[in-house]
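Asker: My questions will all concern the structure given below.
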Amino acid sequence: MFAKTTAPAANQDLLIWKMLFDRQTALLHRRAAPAFSQGLARLGLRREAIPDIRELSEVVYEETGWQLAPVGRPFDPPAFFALLAERRFPIVTRIRPMHAFDFSPEPDLFHDLFGHVPMLLDAGLANFLHELGRAYVAQPEGSPAREQLWALYFFTAEFGMVQHEGRPMLYGAGLLSSAGEIHHCVNEYTPRPAFDLASVLRTPVTGARFQNQYFMLPAWELLTECVAELAGLLSAAWSLAA
Ligand SMILES: [Fe+2]
Numbered sequence: 001m002f003a004k005t006t007a008p009a010a011n012q013d014l015l016i017w018k019m020l021f022d023r024q025t026a027l028l029h030r031r032a033a034p035a036f037s038q039g040l041a042r043l044g045l046r047r048e049a050i051p052d053i054r055e056l057s058e059v060v061y062e063e064t065g066w067q068l069a070p071v072g073r074p075f076d077p078p079a080f081f082a083l084l085a086e087r088r089f090p091i092v093t094r095i096r097p098m099h100a101f102d103f104s105p106e107p108d109l110f111h112d113l114f115g116h117v118p119m120l121l122d123a124g125l126a127n128f129l130h131e132l133g134r135a136y137v138a139q140p141e142g143s144p145a146r147e148q149l150w151a152l153y154f155f156t157a158e159f160g161m162v163q164h165e166g167r168p169m170l171y172g173a174g175l176l177s178s179a180g181e182i183h184h185c186v187n188e189y190t191p192r193p194a195f196d197l198a199s200v201l202r203t204p205v206t207g208a209r210f211q212n213q214y215f216m217l218p219a220w221e222l223l224t225e226c227v228a229e230l231a232g233l234l235s236a237a238w239s240l241a242a
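Per my numbering, residue 1 is the first one in the sequence shown, and the count goes up by one each step.
See the structure below:
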């Protein structure tokens with residue numbers, strides 16, 4: 001079922017949405033992971049109208065059991081992961097201004113709706129996010145484990161890449177929603193090490209404009225396997241800070 005679309009946004013917001021939608025769909029041709037393209041098609045997201053978040057949430061809920069939570073500004077990690085643990089995903093209600101067209105330094109409506117929501121329809125990624133949220137809230141406040149779970153989220157759901165039929169494909173929302181970062185991550189000189197859970201957990205998140213490296217899943221199924229591996233580490237009381 002497709003989401004109904006309404007257009008309550010100001011004309012300027014709709015213009016920015018259309019321009020971003022057109023450019024990102026063109027740039028992502030043969031570059032986006034199959035899960036993204038399938039999710040975008042299933043949701044019926046289109047350039048002509050900014051989706052109504054609550055109506056889109058009903059569609060996502062029917063498909064996956066997840067709900068979308070409109071928020072005025074990006075949440076800090078504890079509040080963000082607490083939502084994930086409840087199978088809810090926050091959607092920032094404001095779209096980026098024109099001067100941040102190529103690269104929005106913080107999540108905006110386009111990043112969340114276009115970059116994250118289609119990926120939520122992939123059962124593997126949705127379960128990964130849920131387990132990550134549960135693992136995060138189970139750790140003590142201020143613990144190193146929380147920082148490392150944040151890194152795991154960051155280098156997968158935000159900036160993850162995956163090998164598909166011999167090609168590097170994008171599935172992280174920070175890549176899917178940013179033309180500037182797409183050009184950077186596919187550059188032949190940008191490091192793209194193979195995804196390895198222990199390495200990712202130990203890689204600090206930086207505030208760089210573009211990431212220094214992007215972790216590449218050798219296969220999409222490894223994201224699901226990573227959940228089991230993470231659960232094993234946590235249940236064995238493995239010190240994430242080691
Ligand atoms: Fe994001």
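Glycine is no exception: its CB is placed at the ideal position from the N, C-alpha and C atoms.
For a quick check, are the C-beta atoms of Leu223 and Gly133 less than 8 Å apart?
Answerer: What you label residue 223 is simply residue 223 of the sequence shown in a count that begins at 1. What you label residue 133 is simply residue 133 of the sequence shown in a count that begins at 1. Not closer than 8 Å, so no.
Asker: Going straight from the alpha carbon of Phe81 to that of Pro191, what length do you get?
Answerer: To locate residue 81, count along the sequence shown from 1; it is residue 81. To locate residue 191, count along the sequence shown from 1; it is residue 191. Using only the alpha carbons, I get a separation of about 28 Å.
Asker: Considering only the beta carbon of each residue, do Leu121 and Gly172 sit closer than 8 Å?
Answerer: Along the sequence shown, one-based indexing puts residue 121 at 121. Along the sequence shown, one-based indexing puts residue 172 at 172. Cβ distance not < 8 Å, so Leu121 and Gly172 don't count as in contact.
Asker: Closer than 7 Å: is that where the CB of His116 sits relative to any heavy atom of ligand 1?
Answerer: One-based indexing of the sequence shown puts residue 116 at position 116. Yes, ligand 1 has a heavy atom inside 7 Å of this Cβ.
Asker: Just reading off the beta strand (DSSP E) that Ile91 is part of, what are its end residues?
Answerer: Taking the sequence shown and counting its residues from 1, the one referred to as residue 91 is at position 91. Element bounds for Ile91: 88–92.
Asker: Could you spell out the range, first to last residue, of the alpha helix (DSSP H) harbouring Ala69?
Answerer: One-based indexing of the sequence shown puts residue 69 at position 69. Run containing Ala69: none in the alpha helix (DSSP H); it sits in the beta strand (DSSP E), 67–71.
Asker: So is the beta-carbon of Glu158 under 7 Å away from any non-hydrogen atom of ligand 1?
Answerer: Here residue 158 is taken as the residue at index 158 of the sequence shown, counted from 1. Yes, ligand 1 has a heavy atom inside 7 Å of this Cβ.
Asker: Do Val200 and Leu152 have their C-beta atoms within less than 8 Å of each other?
Answerer: The residue given as residue 200 occupies position 200 in the sequence shown. The residue given as residue 152 occupies position 152 in the sequence shown. A contact, by the Cβ cut-off of 8 Å.
Asker: Nearest CA to the CA of Arg47: which residue from Gly180, Leu14, His111?
Answerer: For the purposes of this step, residue 47 is identified with residue 47 of the sequence shown, where counting begins at 1. That would be Leu14, whose Cα lies nearest to the Cα of Arg47.
Asker: Do Arg87 and His130 have their CB atoms nearer than 8 Å?
Answerer: Here the question's residue 87 lines up with position 87 in the sequence shown. Here the question's residue 130 lines up with position 130 in the sequence shown. The answer is yes: Cβ separation under 8 Å.
Asker: Would you say the beta carbon of Pro204 is closer than 7 Å to some non-hydrogen atom of ligand 1?
Answerer: The residue labelled residue 204 in the question sits at position 204 within the sequence shown. No.
Asker: Could you check which residue in Met98, Thr64, Leu109, Ser143 has the C-alpha nearest to that of Pro70?
Answerer: Looking up residue 70 in the sequence shown gives position 70. Answer by Cα proximity: Leu109.
Asker: Determine the DSSP secondary structure at Val162, reduced to helix, strand or coil.
Answerer: Sequence index remark: in the sequence shown, residue 162 carries index 162 (1-based). Looking at Val162 - three-state DSSP - the assignment turns out to be strand.
Asker: In angstroms with no decimal places, state the Cα-to-Cα distance between Trp238 and Leu45.
Answerer: As a working mapping, residue 238 is identified with position 238 in the sequence shown. As a working mapping, residue 45 is identified with position 45 in the sequence shown. Because Trp238 carries a pLDDT of 48, less than 50, the predicted location of this residue cannot be relied on, and the following value inherits that uncertainty. Cα to Cα, Trp238 sits roughly 42 Å from Leu45.
Asker: Tell me the DSSP bridge mates of Arg167?
Answerer: For the purposes of this step, residue 167 is taken as residue 167 along the sequence shown, with counting starting at 1. Answer is His164.
Asker: Would you decide whether Tyr189 is buried or exposed? Buried here means 16 or more other CB atoms lie within 10 Å of its CB.
Answerer: The residue you call residue 189 lines up with position 189 of the sequence shown. Burial call: exposed.
Asker: Got a sec: does ligand 1 put a non-hydrogen atom nearer than 7 Å to the Cβ of Ala173?
Answerer: The residue you call residue 173 lines up with position 173 of the sequence shown. Yes, the Cβ of Ala173 comes within 7 Å of a heavy atom of ligand 1.
Asker: I need the straight-line Cα distance from Val59 to Pro140, nearest angstrom please.
Answerer: For the purposes of this step, residue 59 is identified with residue 59 of the sequence shown, where counting begins at 1. For the purposes of this step, residue 140 is identified with residue 140 of the sequence shown, where counting begins at 1. Approximately 35 Å, taken between the alpha carbons.
Asker: Starting from the C-beta of Gly115, find all residues in its chain whose C-beta is less than 6 Å away, skip the five residues before and the five after it, and write them out in chain order.
Answerer: If you number the sequence shown from 1, residue 115 lands on position 115. Excluding positions up to five away in sequence, the list reads Ala173, Leu176, Ser177.
Asker: Here's the rule: buried if 16 or more other CB atoms are within 10 angstroms of the residue's CB, otherwise exposed. What is Asp112?
Answerer: Taking the first residue of the sequence shown as position 1, residue 112 is located at position 112. Under this definition Asp112 is a buried residue.
Asker: Using the Cβ count rule (16 or more neighbours within 10 Å means buried), how would you classify Gly232?
Answerer: Locating residue 232 in the sequence shown gives position 232, counting from the first residue. Exposed, because fewer than 16 other Cβ atoms sit within 10 Å of the Cβ of Gly232.
Asker: Could you say which of Glu147, Lys18, Leu83, Thr156 lies nearest to Met216 if we only look at CA atoms?
Answerer: Locating residue 216 in the sequence shown gives position 216, where the first residue counts as 1. Of the listed residues, the one whose Cα sits closest to Met216 is Thr156.
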